[in-house]
Amino acid sequence: MKILVLNSGSSSIKFQLLDTAERKVMCKGLVERVGLADAIFNYQPAGGDKSKEVLPIPDHLAGIKLILDTLTSPGRGVIASLAELAAVGHRIVHGGEKIQHSVLLCEESLRLIDECTPLAPLHNPANLMGVHAIQKLLPDVPNVGVFDTAFHATMPKPAYVYALDYSYYEKHGIRRFGFHGTSHQYVAMRAAEILGVRLDDFNCITCHLGNGVSLTAVRGGKSVDTTLGFGTCCGVPMGTRCGDVDPAVLMHLIDELGMTSRQVCDLMYKGSGLKGISGVSHDMRDVEEAAAKGHERAELALEIFAHAARKHIAALATNLGDRIDAVIFTAGIGENGVEIRERICQGLGFMGVRIDPERNKVRGKEAVVSPEGAPVKVMVVPTNEELMIALDTEAIVKASRA
Ligand code: ADP
């Protein structure tokens, strides 16, 4: 099936056209600065040259019309007619408790997504703008929503209910949701394929280490626990986010230091993590470079990052029953960070997790980097959220026709 995958943000629209039969990208691109007179349209057909155009794009409808026109345009288009599009798969950030898997987007599901807006106020409304634009431009093509939170809907209650007064869960829906679900789902699926094992009999820890970081325990192909929670600031420290901090610290900042909740929020989300500790950068490459030159706080930032990741891998493994088959690294740092992967795995030998330094010299490619015959495979699997969205979209569309 030919499926258009859209990731609509508030001022950007990322897209890929995929052929699911061959798992191939036919073309991809990005519309930036939507709403402005000097918006940017980046486009690349598979095997062709990248192009960049500056032009006015007043809204999401205009941006998506431009994408659709380009798909069929003579010369740089990749399909003869829009009738070839079997469906559009939309990345949607939050499905809350009500949407627990990918769904065909109808009036009712769109209403539920809208109801989840307070949980993702920046993302869900922008995601919906993309859906509404496609509904206008391609009224006969099915739309499927694939949610960042949905993969974690299989977590059992003890993993997602916070030990606050229970009424905060019951009355206000305060709970762990988890994010990066599409990425965790894809790399777990792909790792099982690479190892030639059944996904429903495969237990792993997936480590999505990008600017955002989350680790997930995947048991038999299903998420059973994850490090991100109600929001996206807990677990392992990130580029600029703090990861786990004793809540008493936050109360102290407000009550004793007189900070406002906005200031505390900015500190936690924008001024912490690799950037806050190192004082150098939020970017792992810069931090590693500074540490290599002897910058003490950059070195400390790397150690804090590795310590937290290691601790969470070990903790998450307690959700896997009596067997862990693999630890999988993905996203910018996970796929490319040769040294940080080694740092994280040092100290996990007690649970059979070891890295082979020679095999580990790999960036951005699928690989098994544990020693030959090791009980737990340590793997690098580049994430591919767009492909996962396309595969899920195909499955939902086929099921709806059956
Ligand atoms: P996002 O969460 O924004 O999608 P990415 O998955 O692209 O982020 O990850 C960005 C992170 O990946 C940055 O911290 C960057 O430094 C890191 N990264 C990219 N290449 C390397 C590399 N060669 N070594 C270590 N870290 C890398």
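Okay, so the sequence shown: first residue is 127 according to the working numbering, each after it adds one.
Where is the CB? At the ideal position from N, CA and C, for every residue including glycine.
For residue j and residue i, the rounded distance between their alpha carbons
i	j	result
I239	A317	31 Å
K140	L132	6 Å
F476	E233	52 Å
M514	T308	7 Å
C330	D518	21 Å
E461	R485	13 Å
L325	V502	16 Å
A434	L376	19 Å
V111	R467	The structure shown does not extend to residue 111, since the chain is modelled only from 127 through 528, so no value can be given for it.
V287	Y294	10 Å
V204	L130	12 Å
L194	V257	14 Å
A246	R480	38 Å
H227	T366	30 Å
I320	A163	46 Å
E511	F273	11 Å
G189	L474	48 Å
L236	E296	24 Å
H310	V219	14 Å
E179	G322	44 Å
A528	A521	11 Å
L230	V371	39 Å
L197	L263	14 Å
V494	A500	10 Å
T146	F356	33 Å
T243	G222	9 Å
I166	G478	49 Å
G338	C368	11 Å
N250	G397	25 Å
Q261	P184	18 Å
R217	K491	24 Å
E382	D392	18 Å
E148	G215	17 Å
G174	Q142	14 Å
Y292	H298	10 Å
G463	C333	12 Å
E465	Q472	11 Å
E498	A440	22 Å
Residue i beta carbon near the ligand ZN (any heavy atom closer than 6 Å)
i	result
N253	Here the bound small molecules are the ligand ADP; the ligand ZN is not part of this structure.
Short Cβ contact (7 Å threshold) for residue i with residue j
i	j	result
Q85	K191	Within the shown structure, residues of the chain are numbered from 127 to 528, placing residue 85 beyond reach of any answer.
A212	M152	no
P363	G420	no
A314	V270	no
L248	A516	no
R436	I470	yes
L394	C359	Per the sequence presented here, residue 394 reads as Met, with Leu not at that position. Their beta carbons are under 7 Å apart, which means M394 touches C359 by this criterion.
S496	V488	no
T509	A457	yes
V406	I454	no
G135	A252	yes
A259	L187	yes
E425	A417	yes
I459	L290	no
6 Å CB neighbourhood of residue i in its chain, flanking five on each side removed
i	result
L379	M385, V390
A427	L400, I403, S404, V413
A432	R469, I470
Cβ-based neighbour list, residue i, same chain, cut-off 7 Å, excluding 5 preceding and 5 following
i	result
S138	L156, V157, E158, V160
T353	S340, L341, C360, G361, V362, H438
P483	E468
P282	V350
P373	none
S207	T198
E415	none
M123	Examination of residue 123 is not possible in this model, given that the chain is present from 127 through 528 alone.
L181	A165, F167
Close Cβ partners of residue i (< 8 Å) along its chain, the five nearest in sequence each way excluded
i	result
K176	N168, Y169, Q170
G347	A314, M315, A318, L325, D326, F328
K150	L144, A172
S526	L230, P268
A443	I331, A343, I450, M477
S387	I380
CB contact below 7 Å: residue i versus chain D
i	result
N510	The displayed structure is made up of one protein chain only, and chain D is not part of it.
> Should the stretch 399 to 414 be called in touch with the stretch 439 to 448, which here means at least 3 C-beta pairs below 8 Å?
Replying inline: no
>> My parser needs the beta strand (DSSP E) runs of 3 or more residues fully inside the stretch 220 to 288; what are they?
In response: 269 to 273
>> When you compare the stretch 261 to 281 with the stretch 300 to 307, are there three or more beta-carbon pairs, one atom per stretch, that lie closer than 8 Å?
In response: yes
> What are the complete alpha helix (DSSP H) segments, minimum 4 residues, inside the stretch 166 to 229?
Replying inline: Within the stretch 166 to 229, the complete alpha helix (DSSP H) runs of at least 4 residues are 186 to 197.
> Which runs of the alpha helix (DSSP H) spanning at least 4 residues fall entirely within the stretch 421 to 507, listed in chain order?
Replying inline: 422 to 443, 457 to 462, 464 to 471
> Counting only runs that start and end within the stretch 352 to 432, where is the beta strand (DSSP E) found for 3 or more residues in a row?
Replying inline: none
> In chain order, which alpha helix (DSSP H) runs of at least 4 residues are fully inside the stretch 308 to 336?
Replying inline: none
> Taking only runs of the beta strand (DSSP E) that begin and end inside the stretch 132 to 169, which ones reach a length of at least 3 residues, in chain order?
Replying inline: 139 to 145, 150 to 158
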